[in-house]
Amino acid sequence: MPARPPKVALMTTPDETEAQFYEALQRGDLDRVMAVWADDDDIACIHPSGPRLLGLHAIRAGYESLLQGGGLNLRIAQVRRLVVGNSAVHHVLEELRVETPEGTQSAWVLATHVFVKTPQGWRLLVHHASPGSAGAVQEVGDEPSMLH
40 MPARPPKVAL MTTPDETEAQ FYEALQRGDL DRVMAVWADD DDIACIHPSG
90 PRLLGLHAIR AGYESLLQGG GLNLRIAQVR RLVVGNSAVH HVLEELRVET
140 PEGTQSAWVL ATHVFVKTPQ GWRLLVHHAS PGSAGAVQEV GDEPSMLH
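Counting in this note's numbering, the sequence shown runs from 40 upward without gaps.
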C-alpha cells in the first residue's frame, strides 16, 4: 500500500477539491480519492452509519471496501459553502442512485467536508456522512431577518 497517492493537479479552490473527490468516487478510482486528502495524521472520515476512520491507511481501507464493486452513481444535489481564511466547510446533500430489481432507487446522504489550504493546494481534512431521506432535499433554517 503506497504511503501517498499519485500527485494530482494543484487544486486552487475547495470546489475543485470536492469536484475531484466526487469524480474519483464516480470512476471508482481509489488512488484519486485518496489524492484529495491532506497529508495529516488527524484526517478523519465517517461513512453513513460507519465508524470513525482516522489517518490515511484507515481511510484508504474504508474507501477500498466502498469501491470494491466499482464507481458510485453519486452526485451533489445541493451544497452550502463557508470559507474563512485557509479553511472551508461544505454541507452537501448527495444523491446515490442504486440499481435494484425494482429499478433505480435514490438514497440520500448528508455530508460535511472540511478543507484546508496547504502549499499543495486545498485538501480534504474531514468527510462526515450520515444517512438522509427524501425530506433532506428540503432545508430548514431561520427566516432572514429584516430591519425596518
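All C-beta atoms, glycine included, are put in the ideal place defined by N, C-alpha and C.
Buried or exposed by the 16-neighbour rule on C-beta atoms within 10 Å, applied to residue i
{"i": "G174", "result": "exposed"}
{"i": "T139", "result": "exposed"}
{"i": "P170", "result": "exposed"}
{"i": "T51", "result": "exposed"}
{"i": "R162", "result": "buried"}
{"i": "A48", "result": "exposed"}
Contact under 7 Å by Cβ, residue i with residue j
{"i": "T151", "j": "H130", "result": "yes"}
{"i": "V75", "j": "Q59", "result": "yes"}
{"i": "E133", "j": "S145", "result": "no"}
{"i": "A83", "j": "V165", "result": "yes"}
Straight-line gap, residue i to residue j (C-alpha atoms, nearest Å)
{"i": "P202", "j": "E141", "result": "The chain is shown from 40 up to 187; residue 202 falls before or after that span and cannot be answered."}
{"i": "V118", "j": "R71", "result": "22 Å"}
{"i": "G108", "j": "V148", "result": "19 Å"}
{"i": "L95", "j": "D78", "result": "8 Å"}
{"i": "G160", "j": "G110", "result": "25 Å"}
{"i": "N112", "j": "V123", "result": "31 Å"}
{"i": "N125", "j": "H167", "result": "20 Å"}
{"i": "A42", "j": "R120", "result": "No answer about A42 holds up, because its pLDDT of 47 lies below 50 and its placement is not dependable."}
{"i": "H86", "j": "S172", "result": "16 Å"}
Cβ distance (whole Å) where residue i is taken to contact residue j below 8 Å
{"i": "P53", "j": "A116", "result": "At roughly 18 Å, the Cβ-Cβ gap does not stay under 8 Å, so P53 and A116 are not in contact."}
Reference residue i, options the options, closest by Cα
{"i": "S104", "options": "Q159, L113 and G67", "result": "G67"}
{"i": "L69", "options": "G101, S172 and L163", "result": "G101"}
{"i": "M73", "options": "E57, L121 and V137", "result": "E57"}
{"i": "D80", "options": "L92, S88 and R136", "result": "L92"}
{"i": "L106", "options": "V153, Y61 and V155", "result": "Y61"}
Beta carbon proximity, residue i to chain D, threshold 7 Å
{"i": "W147", "result": "The displayed structure is made up of one protein chain only, and chain D is not part of it."}
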